[in-house]
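Data first, discussion second: the structure below is written as structure tokens.
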Amino acid sequence: MADIILKCRYLSPRAKSHAGNLIRYIATREGVVIDKRENYVGYIAMRPGAEKRGAHGLFSAGEEKIFLSKVAREVAAHEGIVWTNILSITRKDAERLGYETGEAWRTLLKANTHLMADAMKIPAGDLIWYAAFHNEAHHPHIHMVAYSKGKEPYLSEAGIQKMKSAFAREIFREDLLPLYAMQTERREAIGKETEKMISEISSAPAKNPVLIAKFIELSERLKSVKGRKVYGYLPGPLRKLTDEILTELSKEDALAACYAAWQEGQRSIETIYQDAPRRAQSLSENKAFRNLKNKIITEALSFAMQELTFEELPETDEGFFPETEEDGVPKRPKQAAAGNLSQLFDWYLEAKACLYDDPENEYYDPEKGEELLRLSAAGGLAVAKYRLGMELLTGKNFAKDAGEGIRLLWECANQGNQYAQYQLGRVYLAGTDAAQDIALAESLFKSAAGQGNSFAMYSLAKMHLAGLAKEASKAQAIELLTESAEKDNVHAEYLLGKFYLRGEHVPKDSKKAEMLLKKAAKKDHAQAEYLLGKTYALGKELPKDMTKALRYLRRACKKENQYAQYQLGKMYLFGQDITRDEDAGKILLSKAAAQGNACAKMILESYRPHRPAVPAGIHIMRLAGYFTEIFPPGAFRMQKLTEQKLRAEITERKRARGLRTSHGQQFTDEP
966 MADIILKCRY
976 LSPRAKSHAG
986 NLIRYIATRE
996 GVVIDKRENY
1006 VGYIAMRPGA
1016 EKRGAHGLFS
1026 AGEEKIFLSK
1036 VAREVAAHEG
1046 IVWTNILSIT
1056 RKDAERLGYE
1066 TGEAWRTLLK
1076 ANTHLMADAM
1086 KIPAGDLIWY
1096 AAFHNEAHHP
1106 HIHMVAYSKG
1116 KEPYLSEAGI
1126 QKMKSAFARE
1136 IFREDLLPLY
1146 AMQTERREAI
1156 GKETEKMISE
1166 ISSAPAKNPV
1176 LIAKFIELSE
1186 RLKSVKGRKV
1196 YGYLPGPLRK
1206 LTDEILTELS
1216 KEDALAACYA
1226 AWQEGQRSIE
1236 TIYQDAPRRA
1246 QSLSENKAFR
1256 NLKNKIITEA
1266 LSFAMQELTF
1276 EELPETDEGF
1286 FPETEEDGVP
1296 KRPKQAAAGN
1306 LSQLFDWYLE
1316 AKACLYDDPE
1326 NEYYDPEKGE
1336 ELLRLSAAGG
1346 LAVAKYRLGM
1356 ELLTGKNFAK
1366 DAGEGIRLLW
1376 ECANQGNQYA
1386 QYQLGRVYLA
1396 GTDAAQDIAL
1406 AESLFKSAAG
1416 QGNSFAMYSL
1426 AKMHLAGLAK
1436 EASKAQAIEL
1446 LTESAEKDNV
1456 HAEYLLGKFY
1466 LRGEHVPKDS
1476 KKAEMLLKKA
1486 AKKDHAQAEY
1496 LLGKTYALGK
1506 ELPKDMTKAL
1516 RYLRRACKKE
1526 NQYAQYQLGK
1536 MYLFGQDITR
1546 DEDAGKILLS
1556 KAAAQGNACA
1566 KMILESYRPH
1576 RPAVPAGIHI
1586 MRLAGYFTEI
1596 FPPGAFRMQK
1606 LTEQKLRAEI
1616 TERKRARGLR
1626 TSHGQQFTDE
1636 P
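Note that this note's numbering has the sequence shown beginning at 966, numbered continuously upward.
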């Protein structure tokens, strides 16, 4: 544990003339003789080294002036137990973390008043405490007197440890940040292993027959269970069988690596605020992952009934940084009607034709297009500068030159070009082609959104949802998404529709969700089509309608959406809510498998015409996929951004206090 000392002693009602062992200890220091409670209060307030707040160093949670003699008499007259606690850290830590003033310690105690009361097993309103800060050379510390005006306080060893851990968490909060960053790196490794895990476990029937056998046994035995079929309500033998399945799952190399990395990160963090890390637990013992047991039961029930199940779409970065091909000049500007500006605009239009027309078109000529675009930009045409900046930044058609591209975009942004502002916001938020600057990204998105840019509104909303905005607000995020969707932004329509469908961040509203998702689907948004197909097929949030479900799933399949291909292929192959068509099913599953869909690959490998049932291995794979929900790879980068933002805020607070900074010294969640 970090270098922090918490000593808790008490003075009993019978010890009005004595301070017990603690008082004898204090009496030997610096020649001070103390034998009464009121003297102890005077001692902690007036002893050498005590930071004075007026005539003495005593402070409490309240703002009213403290009269030392009055407090001393009150403490001496108290009929119950009085706790006399000492909390100490090293001089080095006090300087480094800003605990060199009484106000810093007072803030710490005020913030933890409820926790102290809870540890003492009394209501927070009954707790009365006074303290003084002693700025000792080697171990700055506070002495504290605490008692209850109601129920008698009691501090057990567990309560003392609880207080100590809470104080350590707060005092050493800045030290935890690097460990959280290390934990993030480990979680990135977990994410990579999880991505491999699905394909590795696809051979589960051959590699782990014990797992498959136990899973099938559970599914069969669940058929006879009456009442709620959740882990806590199952008979003991079935709970034991569920635990055994989870234990077998945890033996898979990739899953074992995931859990081991998670445990290592937890140990690193716990050593900051606990004297000893908790005993290592197996995955089936760990209550943090108890939801997996109910997932196992759900999958076993689905297998038993051969229910229609859908896989979730993975979160993607494209949802955070949507592309836009707009440049702000859909037609010739009025001022381009004559002179040099007209020539520049003609060059710009010809350049676009040369660069972006169908390669089979006679006008397609990238080299000529680049030359004309550079001429137009050099002549000062703003829209040409923007287009050239984007080409240099992305390197799609020209040789990549991110620095020059960003320079040109800044020229446009400074002239109020909302599209340049949006693209620069993407650059600084991602931190790939320029140093990451979250505050600058937010400012640029705000400028573009203020001009009605729906893409900037969408990205700004995502910043609020991820906690990256300076004053992050989910309500503000929904407001921005709504405004963006009203401007027909397909990404906002899809995300907002998904939120209304699930009741996430907004009250659940299936009709509003259906309307928004349909608008996105009309714009050929494959994920929206898949989600609509799923929703109509399952018949939970919206009435079951297989005609609509199949229409949307087929549309998503035409866009090569592997999840729609897998889902529709599985439905055809096994005749789930559709006329069975083995050939059509195999074709779609083959297309999904060609895109890396492990579930489709497994079905094709294990399918037997005489046994047309979804194999148990598919349900095992779905269980493995739940690990992706616990350690979502798509969130790693956003988590890093959040931690970087927090570190920046802490550095700024330290700078404001005059302290040195470190520089000075299975449908899946859709995107």
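Think of the CB as a built atom: it goes at the ideal place given N, C-alpha and C, for glycine as much as any other residue.
Distance between Y1351 and G1415 (C-alpha atoms, nearest Å): 19 Å
Compare the Cα-Cα distances from K1194 to each of M1422, E1209, M1536 and I1262 and report the closest residue. I1262
Could you compute how far the alpha carbon of C973 sits from the alpha carbon of S1025? 18 Å
Does the beta-carbon distance from F1137 to A1265 come in below 8 Å? No.
Could you check the C-alpha separation between D1366 and L1374 for me, to the nearest Å? 12 Å
Quick check: L1460 and K1483, are their CB atoms within less than 8 Å of each other? Using a Cβ distance threshold of 8 Å, L1460 and K1483 do not count as a contacting pair.
With DSSP collapsed to three states, give me the class of I1087. coil
When you compare each of R1038, F1363, V1348 and D1398 to C1377 by their alpha carbons, which one comes out closest? Checked all of R1038, F1363, V1348 and D1398; the closest Cα to C1377 is V1348.
DSSP on H1099, reduced to helix/strand/coil? strand
With the cut-off set at 8 Å, would you say D1083 and G1115 are in Cβ contact? In this structure, the beta-carbon distance from D1083 to G1115 does not fall below 8 Å.
A1529: buried (16+ other C-beta within 10 angstroms of its C-beta) or exposed? buried
Chain-order list of residues whose beta-carbon lies under 8 Å from that of I1552 (same chain, five-residue window excluded): G1534
Is I1125 near L971, with beta carbons less than 8 Å apart? Taking 8 Å as the Cβ cut-off, I1125 and L971 qualify as a contacting pair.
How about A1413 and Y1387: do their beta carbons lie closer than 8 Å? In this structure, Y1387 lies closer than 8 Å to A1413 by Cβ.
Give every residue of the same chain whose Cβ lies closer than 7 Å to the Cβ of G929, excluding the five residues on either side of it in the sequence, and list them in chain order. The structure shown has nothing for residue 929, since the chain only spans 966 to 1636.
Name the residue from K1513, I1107 and Y1329 whose alpha carbon lies nearest to the alpha carbon of G916. Because the chain in this structure spans residues 966 to 1636, residue 916 falls outside the shown range and cannot be described.
What does DSSP give as the partner residues of S1053 in its beta bridges? I970 and H1106
Supposed close pair Q1228, A1253 - CB separation, criterion 8 Å: Their Cβ separation, rounded to whole angstroms, is 10 Å, which puts Q1228 and A1253 out of contact at 8 Å.
Do M1567 and R1543 have their beta-carbon atoms positioned less than 8 Å apart in this structure? Arg is not the amino acid found at residue 1543; the sequence shown has Ile there. Cβ atoms of I1543 and M1567: not closer than 8 Å.
Collapsed DSSP secondary structure at I1181 in the structure displayed: helix
For a test of the three-state rule: what should DSSP assign to D1321, helix, strand or coil? Correcting the residue type first, residue 1321 is Tyr in the shown sequence and not Asp. Looking at Y1321 - three-state DSSP - the assignment turns out to be helix.
From N1562 to N1526, what distance separates their C-alpha atoms? Straight-line Cα distance between these residues: approximately 11 Å.
Which one of A1440, R1339, N1251 and G1344 has the shortest CA to CA distance from E1356? R1339
Which residue marks the beginning of the alpha helix (DSSP H) containing K1483, and which one marks its end? S1475 to K1487
For S1113, does the three-state DSSP call read helix, strand or coil? strand
Here's the rule: buried if 16 or more other CB atoms are within 10 angstroms of the residue's CB, otherwise exposed. What is E1458? buried
Which residue's Cα is closest to the Cα of Y1112: V1047, D1058, Y1119 and M1081? V1047
Where DSSP assigns a beta bridge to F1024, which residues make up the other side? A1096
Endpoints, the alpha helix (DSSP H) within which L1394 is located: Q1383 to A1395
Are the beta-carbon atoms of E1182 and L1206 separated by less than 8 Å? yes
Presumed contact (8 Å Cβ cut-off) between A1493 and A1486, rounded CB distance: With a Cβ gap of about 4 Å, A1493 and A1486 count as contacting.
Cα-Cα separation, H1043 to P1202: 56 Å
Determine the extent of the alpha helix (DSSP H) in which A1426 is found, giving its start and end residues. S1419 to L1430
With the cut-off set at 8 Å, would you say A1404 and K1439 are in Cβ contact? no
Residue closest to G1368, alpha-carbon to alpha-carbon, out of T1397, R1520, A1342 and Q1383: T1397
With DSSP collapsed to three states, give me the class of V1195. coil
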